[in-house]
Amino acid sequence: MKAHQFSALLLFACALSSCVVGPDYQKPRLSMPKTWNAKAHDSLDKPPVLAEWWKQMKDPILDDLIAQAVASNLDVATAKAKIREARATYREQVGALLPTIEGTASATRNRSAASNGTSATVYNDYQAGFDASWELDLFGGNKRTAEASKYGVDAANEDLRNTLVTLIGDVATYYIQAREYQQLTELARNSSKSQGQTAALTRTQFSAGGVSLVDVTKVEAQAASTHADIPSYEISYAKSLNRLGVLLGRSPLLLDSLLGKRSRLPIPPSRVSVGIPADLLNSRPDVRKAERELAQATAKIGAAEANRYPSLSLTGSIDSSAASVSELGKNSTIGWSFGPSLTIPIFQGGQLKAAVDVAKAQRDQYLFSYQSAVLSAMEDVQNAIVSLNRSRARSVDLAKAVQGYSAAAKLSKQLNIAGEGDLFDVLDADRSLYSAQQNLIETNTDIATYYVSLNKALGGGWAGRIDISQPAVGDTNEAPHIQVKQRAQ
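If you use our numbering, the sequence shown corresponds to residues 230 to 718, in order.
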């Protein structure tokens with residue numbers, strides 16, 4: 230082949246190497262409602278402030294717990310390792326687009342057989358050379374594979390963000406639950422103490438003949454029933470604390486001392502901005518991850534389609550052979566070869582077409598997963614908005630109920646001491662007050678929990694820097710070495 234003909238062939242191959250097959254990815258267009266059906270109290274349609282949303286509850290202990298969880302949680306560490314894996318895979322696939330060059334060298338000592346009275350000859354043979362190859366990727370199979378790997382990196386990044394969103398929401402939720410059980414335990418202690426004082430007073434009245442033994446038994450039974458709630462609340466508190474310990478990767482005993490006896494619930498802000506439904510496409514990391522996985526699956530169709538087309542590779546080699554090392558490159562025998570290699574798939578029993586169909590079916594599955602993720606995100610936000618709004622309204626009514634039952638309980642005790650009231654009124658007022666106080670604590674907990682759920686549903690998460698460059702295990706002695714076998718334990 231003449232030089233100009235070969236050059237023309239090379240230029241033509243390079244032009245073809247910019248070609249790709251398979252569908253080019255386009256982000257699906259989804260029909261999104263313009264507003265939410267119900268809004269949180271005084272909410273606005275402007276984009277919500279999602280970065281470090283938990284700090285709006287102004288609880289330094291919660292802020293510290295979340296920072297610790299982000300630094301030491303094992304799910305976060307796993308997500309960071311997945312990003313390192315995805316990035317390394319992408320670099321590996323990009324490398325397939327470039328030529329490969331290998332060096333070879335050999336040294337042999339040879340002895341020729343004696344024949345016709347000639348003595349055997351002993352000689353050395355040294356060889357050195359280079360082999361090179363380059364697949365021109367005529368129809369973009371390698372490009373599509375690298376493209377899919379790039380989308381995989383994006384999906385891994387969104388997976389880390391989603392892990393952080395879930396982690397922060399879980400830490401806040403279990404912290405709020407721990408505070409709730411602290412308050413309920415304190416309420417049960419105070420109520421049982423007050424009811425115990427009433428029981429003591431009733432027994433004194435019984436000794437004086439003012440009440441019956443049945444009255445004494447009822448009062449003591451109510452005090453015991455209220456006191457019996459304390460172990461249940463302490464169990465629930467311990468479980469919340471233990472779960473926090475798992476999320477933070479530390480001992481729950483240390484958390485118990487950190488929370489202390491202070492039982493104030495985190496208070497959400499009175500105004501919450503929720504934005505518009507279309508914001509979820511950019512703010513929810515699980516939605517963004519599903520969209521990146523759809524893009525990755527689309528690129529894999531092109532990779533499978535490219536296998537049905539011819540492939541062209543350029544290969545070349547240079548070899549040098551001499552009787553001594555010093556003669557290599559000087560008095561050596563030098564040979565070379567260079568030329569294209571064309572591979573054409575002719576009959577594969579339908580496997581290549583089936584592989585394309587498999588890739589397309591997988592793409593459709595990821596499309597449905599993306600659509601489902603968007604719908605689930607909208608459901609989460611709508612549920613959180615309604616729940617937060619209704620819980621706030623319920624809290625107002627319960628606060629009034631507690632105030633009323635408190636006044637009724639105080640008045641009924643005064644009348645009973647004065648001998649003008651009925652003991653049943655005292656017991657009923659105490660029971661109603663205790664129940665209303667329980668409901669108020671639980672509803673205020675719901676308000677804080679639904680605020681967490683709303684920010685989690687909107688995609689709020691960590692805004693600080695996350696270092697993913699360092700692996701968890703620091704390998705040593707990776708250079709060539711003699712392996713020392715470990716003895717079985």
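We treat Cβ as the ideally placed atom computed from N, Cα and C, and that holds for glycine.
All values reported here derive from a predicted model rather than from experimental measurement.
In three-state terms, what does DSSP make of residue i?
i: residue 283; result: helix
i: residue 457; result: coil
i: residue 435; result: helix
i: residue 576; result: coil
i: residue 212; result: Since the first and last residues shown for the chain are 230 and 718, residue 212 lies out of range.
i: residue 351; result: strand
i: residue 339; result: strand
i: residue 703; result: coil
i: residue 649; result: coil
i: residue 505; result: coil
i: residue 356; result: strand
i: residue 571; result: strand
i: residue 494; result: coil
i: residue 688; result: coil
i: residue 561; result: coil
i: residue 543; result: strand
i: residue 361; result: strand
i: residue 566; result: strand
i: residue 264; result: coil
i: residue 332; result: strand
i: residue 529; result: helix
Measure how close the beta-carbons of residue i and residue j come, nearest whole angstrom, since I'm counting them as under 8 Å.
i: residue 380; j: residue 521; result: 5 Å
i: residue 257; j: residue 599; result: 7 Å
i: residue 431; j: residue 652; result: 7 Å
i: residue 494; j: residue 677; result: 6 Å
i: residue 553; j: residue 353; result: 7 Å
i: residue 410; j: residue 291; result: That pair is no contact at about 16 Å.
i: residue 298; j: residue 400; result: 5 Å
i: residue 397; j: residue 283; result: 7 Å
i: residue 327; j: residue 366; result: That pair is no contact at about 10 Å.
i: residue 592; j: residue 526; result: 4 Å
i: residue 492; j: residue 594; result: At roughly 48 Å, the Cβ-Cβ gap does not stay under 8 Å, so residue 492 and residue 594 are not in contact.
i: residue 277; j: residue 604; result: So it is not a contact: roughly 20 Å between Cβ atoms.
i: residue 689; j: residue 279; result: 3 Å
Looking only at its own chain, which residues have a Cβ that is under 7 Å from the Cβ of residue i, when we skip the five neighbours before and after it?
i: residue 708; result: none
i: residue 255; result: none
i: residue 478; result: 301, 302, 303
i: residue 341; result: 349, 350
i: residue 281; result: 692
i: residue 250; result: 368, 369, 531, 534, 535, 538
i: residue 474; result: 480, 481, 484
i: residue 637; result: 658
i: residue 469; result: 403, 406, 407, 410
i: residue 452; result: 421, 424, 425, 428
i: residue 261; result: 506, 507
Are there 16 or more other CB atoms within 10 angstroms of the CB of residue i, so buried, or fewer, so exposed?
i: residue 293; result: exposed
i: residue 332; result: exposed
i: residue 571; result: exposed
i: residue 565; result: exposed
i: residue 702; result: exposed
i: residue 387; result: buried
i: residue 665; result: buried
i: residue 639; result: exposed
i: residue 317; result: exposed
i: residue 373; result: buried
i: residue 305; result: buried
i: residue 497; result: buried
i: residue 523; result: buried
i: residue 669; result: buried
Going along the chain, which residues of its own chain have a beta-carbon closer than 6 Å to the beta-carbon of residue i, five neighbours each way excluded?
i: residue 315; result: 381, 382, 385
i: residue 563; result: 549
i: residue 543; result: 363, 569
i: residue 323; result: 375
Among residues of its own chain, excluding the 5 on either side of residue i, which ones have a beta-carbon nearer than 8 Å to its beta-carbon?
i: residue 330; result: 359, 360, 361
i: residue 459; result: 414, 417, 418, 421
i: residue 319; result: 375, 378, 379, 381, 382
i: residue 545; result: 360, 361, 362, 565, 566, 567, 568
i: residue 560; result: 551
Is residue i close to chain C? Criterion is C-beta to C-beta, closer than 8 Å.
i: residue 703; result: This model lacks chain C altogether, as it is built from one protein chain only.
Is any heavy atom of the ligand MN found at a distance shorter than 7 Å from the C-beta of residue i?
i: residue 298; result: This structure does not include the ligand MN; it has no bound ligands of any sort.
Q | Cβ contact check for the segment 501 to 521 and the segment 445 to 452: 3 or more pairs under 8 Å | A | no
Q: Tell me, please, whether the segment 389 to 397 touches the segment 534 to 551 by the rule of three or more beta-carbon pairs shorter than 8 Å.
A: no
**Q.** Segment contact flag, the segment 509 to 520 with the segment 619 to 629, C-beta cutoff 8 Å, min 3 pairs
**A.** no
Q: Would you be able to state if there are at least three C-beta pairs under 8 Å between the segment 682 to 693 and the segment 595 to 611?
A: yes
Q | Three CB pairs or more closer than 8 Å across the segment 527 to 537 and the segment 582 to 601 | A | yes
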